[in-house]
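Everything on this sheet refers to the single structure shown next.
Number of protein chains: 2
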Amino acid sequence: MTDVNFKSMISSAAQDGNRLMKDSTAQSDEIDLPYDLIELLFFAYREFTGDPDDVLAEYDFGRAHHRVLHFVDRNPGIMVTDLLGILRITKQSLGRVLKQLVDAEIIEQREGHHDRRQRLLYTTERGHALAVDLTKLQQKRLERALIELPDGSDEIIRKFLLQMIDPDARADILKLVRSAYDLSD
Amino acid sequence: MTDVNFKSMISSAAQDGNRLMKDSTAQSDEIDLPYDLIELLFFAYREFTGDPDDVLAEYDFGRAHHRVLHFVDRNPGIMVTDLLGILRITKQSLGRVLKQLVDAEIIEQREGHHDRRQRLLYTTERGHALAVDLTKLQQKRLERALIELPDGSDEIIRKFLLQMIDPDARADILKLVRSAYDLSD
DNA sequence: AAATTTACGTCAGTCATATTGACTTAATTC
DNA sequence: GAATTAAGTCAATATGACTGACGTAAATTT
């Protein structure tokens, strides 16, 4: 399952660095780059999204379906336009994925009460159950990662993640996430 | 640049939740799900990878090119096989991207000293400069996120990310990341 | 020395997810 | 009544991934 397979990693990677250097100071500005954090983020995020992928494959769904399912389940009655804004994809990209989810009776479309142009999106009972299942998988991984850390670490991580987001997007994302925790500085 | 555009988010998302509930306890198991962390991870990671994407677009490169460039730059002399293992993609997927990077004189292939079957990978001077540029973009975002947090937060985040990775993959990834910090528990 | 394995590349075909730009329909708002 | 908005659709395209098979050269094993 966790096919790591770095094999001859160490032996192969000649750590001497054969790269040509024009002057001897060329290295000075790279010494403090946060390579470890960058790479850990890459690997951690890949594992994090990998759990749901295995379940989704049984439905012939991919990551795109997960994202749509997640945000519809979390925002019942969301407009197509707003979903596009959150996911930052085009109508066409969403269209195909959404159609498959509707066909599979995972997501349901209802006409807007006040505005009949709208097709408000809801998860069906099945869809909600699937969304919860996938979230629980991610919960397990998060809890396993947090359990070893000192108290309050989850707060630090929330603030870190929030501050990784561009300041002008934070307010919107906070509204969306509507955390039960205090993220205000 | 940061085209957020959640617009009528709140007004559209009727927070009442019209989903049908068979029994009144159906909600009880979902109450503690870490939706906030899950969504913050999604948005933070998207912003994190978004910075380099803008620069790479000027070269007609995508995220796949970035990943290859990054790990080659960090592991000069790496074998194709090992790179495949890290990225978890197929030879064919790597092939196209790698060819473009070699054609653009970003990456260089050299025959192995001891094993002439190998095509060891190195960044060129240009390639290394690009890799450093992209890393500095990510550094800026990371520093901006960390600066507001209490001392030692970076340690917590490193441990968190490491523990998000499956236990049996951690050793290999640690070797690869070869952090200057103490991640051992 | 011969057989096997490994490293790498390539061919052909496919799939998933995304893009752009134009256009239509229906409904709402100005 | 005109303009705008919400949603869907058409056609064409791009990127990044896949499978499975095959070939070649070099190294290793027997």
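Here the protein sequences line up with chains A and B, keeping their order.
Heads up, the first sequence is in numbering that gives the first Met the number 0, so the first residue is 0 and it goes up one at a time.
Heads up, the second sequence is in numbering that gives the first Met the number 0, so the first residue is 0 and it goes up one at a time.
Note that the Cβ used here is the ideal one computed from N, Cα and C, for glycine as well.
On a predicted model such as this, the values are computed, not experimentally measured, just so you know.
field: Contact under 9 Å by Cβ, Leu160(A) with Leu36(B)
entry: In this structure, Leu36(B) lies closer than 9 Å to Leu160(A) by Cβ.
Helix, strand or coil: which one does DSSP assign to Leu32(B)?
-> coil
With a cut-off of 9 Å, does the C-beta of Asp35(B) fall near any C-beta of chain A? Cβ-Cβ to chain A under 9 Å: yes for Asp35(B).
Margin query: Tell me whether the stretch 91 to 111 of chain B and the stretch 125 to 132 of chain B touch, counting them as touching only if at least three CB pairs, one residue from each stretch, are closer than 8 Å.
Written below: yes
Q) Leu120(A) lies in the beta strand (DSSP E); which residues open and close that run? A) 118 to 122
Worksheet item: Is there a Cβ from chain A that is less than 9 Å from the Cβ of Gln91(B)?
Response: At a cut-off of 9 Å between beta-carbon atoms, Gln91(B) makes no contact with chain A.
Requested in this report: State yes or no: is the C-beta of Ile156(B) within less than 9 Å of the C-beta of Ile156(A)?
Outcome: Contact check for Ile156(B) against Ile156(A) passes: the beta carbons are separated by less than 9 Å.
**OP:** Just mark Lys200(B) as buried or exposed, buried being the case when its beta carbon has 16 or more other beta carbons within 10 Å.
**Re:** Because chain B in this structure spans residues 0 to 184, residue 200(B) falls outside the shown range and cannot be described.
Compare the Cα-Cα distances from Asp31(B) to each of Gln137(A), Val54(A), Val79(A), Val96(A) and report the closest residue. In terms of Cα proximity to Asp31(B), the closest of Gln137(A), Val54(A), Val79(A), Val96(A) is Gln137(A).
**Request:** Rank Tyr58(B), Lys135(B), Gly84(B), Ser152(B) by C-alpha distance to the C-alpha of Phe47(B) and give the top, closest one.
**Result:** Lys135(B)
Taking 9 Å as the cut-off, decide whether the C-beta atoms of Val96(A) and Glu38(B) are in contact. no
- Message: Can you look up Glu185(A) in the DSSP assignment and give me helix, strand or coil?
- Response: With chain A covering only 0 through 184, there is no way to say anything about residue 185(A).
* **Cβ shell of Arg66(B) (< 7 Å), same chain only, five flanking positions each side left out** => Leu86
Neighbourhood of Arg109(A) by C-beta distance below 6 Å, restricted to the same chain and skipping five residues each side: Leu119
**Message:** Strictly under 9 Å for the Cβ-Cβ distance: is Arg87(B) near chain A by that measure?
**Reply:** yes
Please confirm if Ala103(B) has its CB atom under 9 Å from at least one CB of chain A. no
Can you grab the Cα-Cα spacing for the pair Gly111(B) / Phe70(B), in whole Å? 18 Å
Practice prompt. Would you verify that the beta carbon of Glu38(B) is, or is not, closer than 9 Å to some beta carbon of chain A?
Written response: yes
| query | Any beta-carbon of chain B closer than 9 Å to the one on His69(A)? | reply | By this cut-off, His69(A) is an interface position.
Item checked: Whole-angstrom C-beta distance between Tyr44(B) and Leu40(A), which should lie under 8 Å -> 7 Å
If you draw a straight line from the C-alpha of Asp153(A) to the C-alpha of Ala130(A), how long is it? 23 Å
State the Cα-Cα distance for the pair Gly49(A) and Tyr58(B), rounded to the nearest angstrom.
30 Å
Under 8 Å by beta carbon: chain A residues contacting Arg73(B): Tyr34, Glu38
Which bits of chain B does Arg157(A) rub up against, with CB to CB less than 8 Å?
Asp35, Leu36, Leu39
Please report the Cβ distance between Phe42(B) and Ile172(A), rounded to the nearest whole angstrom; I am assuming they are in contact, meaning their Cβ atoms lie under 8 Å. 5 Å
(request) Establish whether the CB of Glu46(A) and some CB of chain B are separated by less than 9 Å. (result) True, the Cβ-Cβ gap to chain B drops below 9 Å.
At 4 residues or longer, and completely inside the stretch 67 to 140 of chain A: list those alpha helix (DSSP H) runs for me, N to C. Runs of the alpha helix (DSSP H) inside the stretch 67 to 140 of chain A: 79 to 86, 90 to 102.
*asked:* Using a Cβ-Cβ cutoff of less than 7 Å, which residues in the same chain neighbour Ala170(A) once the five nearest sequence positions on both sides are dropped?
replied: Closer than 7 Å at Cβ, skipping near neighbours: no residue.
Taking the continuous alpha helix (DSSP H) assigned at Arg154(A), which residues delimit it?
Reading off the sequence, residue 154(A) comes out as Glu, not Arg. It spans 152 to 162 - the alpha helix (DSSP H) in which Glu154(A) sits, taken as one unbroken run.
Q.
Counting C-beta neighbours from all protein chains within 10 Å, is the total for Ile73(A) 16 or more, i.e. buried, or is it exposed?
A. It is worth fixing the name first, because residue 73(A) is Arg in this sequence and not Ile. Result: buried.
According to DSSP, is Asp167(B) helix, strand or coil? helix
Note down, in chain order, all residues in the stretch 93 to 124 of chain B with a beta-carbon under 7 Å from any beta-carbon belonging to chain A.
Tyr121, Thr122, Glu124
Is it the case that the Cβ atoms of Ala63(B) and Ser92(B) are separated by a distance below 9 Å? yes
- Task: At 7 Å on the CB atoms, spell out the chain A contacts of Arg143(B), in chain order.
- Result: Gln162
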